[in-house]
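Asker: Okay, handing you the structure first.
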Amino acid sequence: MARRDHQQNTPNPAQRHFEWKGGEGVLQYWDKEDKENVQVKLPAVFVLLNETSTVSGYAKKRKTGIYANEVADTRAQPLVVKYNDNNEVLASGLWADIKDRVTAARGGFAVNCYVAFKDDGKMKVGKVRMAGCALGPWFDFKKAHGKEAYAQAFTVAAGPRDESGDVEFTPPVFAVKELSAETNAAVAPLYDQVQDNFAGYF
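Position in the sequence shown counted from 1, then plus 668, gives you our numbering.
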């Protein structure tokens, strides 16, 4: 879903990559300068700009990560899933056709949410990856709020600890937050950056 039509190609605008870690129940990002993971104070506030689908995971037997390109439509655009260690192709094709092979290798479907976030008083573009235990709550949030998820901001907080299975985890909880006119105006130019990038990427 895009707020406006794609027009031209620009470099990827995401300045920070966030990810929910269910084991610890935290939202974090990798600080390139300090070379360490930084936990984000919760609840975190973001403005949703656009979304893509991808694959992420970790192949335990090979001790390497799994990654893929991003697509706007999994029913029409193929995913090329690779191993991190040598870029070997694990699977290639539409998600419905390759998901069994990918999940068997410990890869999983993921959603990249391109967002606007405030850093040092300025609005910047970031990317929040929804994968693992974050994926279901995100889908439920989008289903419950529909267009409001784009029209307003949203928050990310820690939900109750799930101890029902063999692996304990803490899922995130998403909620709508009213978007002020001032913040909306500050975010507006970032919409164009993301859509311009998508136009070239796809």
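Ideal Cβ placement from N, Cα and C applies to all residues, glycine included.
Tell me which residues share the same chain as P711 and place their Cβ nearer than 8 Å to its Cβ, disregarding the 5 neighbours each side in the sequence.
Answerer: Numbered from 1 along the sequence shown, position 43 holds the residue referred to as residue 711. Hits under 8 Å: T823, V824, A825 and A843.
Asker: According to the neighbour-count rule (16 or more other Cβ atoms, all chains shown, within 10 Å of its Cβ), is G833 buried or exposed?
Answerer: Translated into the one-based positions of the sequence shown, residue 833 becomes position 165. Exposed, by the Cβ-count rule.
Asker: Can you grab the Cα-Cα spacing for the pair D765 / L858, in whole Å?
Answerer: Here the question's residue 765 lines up with position 97 in the sequence shown. Here the question's residue 858 lines up with position 190 in the sequence shown. Going from the Cα of D765 to the Cα of L858 covers about 35 Å.
Asker: For W688, which residues of its own chain have a beta-carbon under 6 Å away from its beta-carbon, when the five flanking residues on both sides are left out?
Answerer: Start at 1 with the first residue of the sequence shown, and residue 688 comes out as number 20. Only L695, A802 and P840 meet the Cβ criterion.
Asker: Could you give the residue range of the alpha helix (DSSP H) that holds A817?
Answerer: Counting from 1 along the sequence shown, the entry for residue 817 is found at position 149. A817 -> alpha helix (DSSP H) spans E816 to A819.
Asker: Classify A744: buried if its beta carbon has 16 or more other beta carbons within 10 angstroms, exposed otherwise.
Answerer: In the sequence shown, counting from the first residue as 1, residue 744 sits at position 76. Result: exposed.
Asker: Put P857 into one of helix, strand or coil per three-state DSSP.
Answerer: Numbered from 1 along the sequence shown, position 189 holds the residue referred to as residue 857. Helix.
Asker: Please state if the CB of E846 and the CB of A821 are separated by a distance shorter than 9 Å.
Answerer: Taking the sequence shown and counting its residues from 1, one reaches residue 821 at position 153. Taking the sequence shown and counting its residues from 1, one reaches residue 846 at position 178. Yes, the Cβ-Cβ distance between A821 and E846 is below 9 Å.
Asker: Give a yes or no on contact between the segment 805 to 812 and the segment 783 to 790, applying the rule of three or more CB pairs nearer than 8 Å.
Answerer: Judged by Cβ distances under 8 Å, the segment 805 to 812 makes no contact with the segment 783 to 790, as fewer than three pairs qualify.
Asker: Are the beta-carbon atoms belonging to A784 and F714 less than 9 Å from one another?
Answerer: The residue you call residue 784 lines up with position 116 of the sequence shown. The residue you call residue 714 lines up with position 46 of the sequence shown. For A784 and F714, yes; Cβs fall inside 9 Å.
Asker: For T851, which three-state DSSP category applies?
Answerer: Here residue 851 refers to the residue found at position 183 of the sequence shown. Looking at T851 - three-state DSSP - the assignment turns out to be helix.
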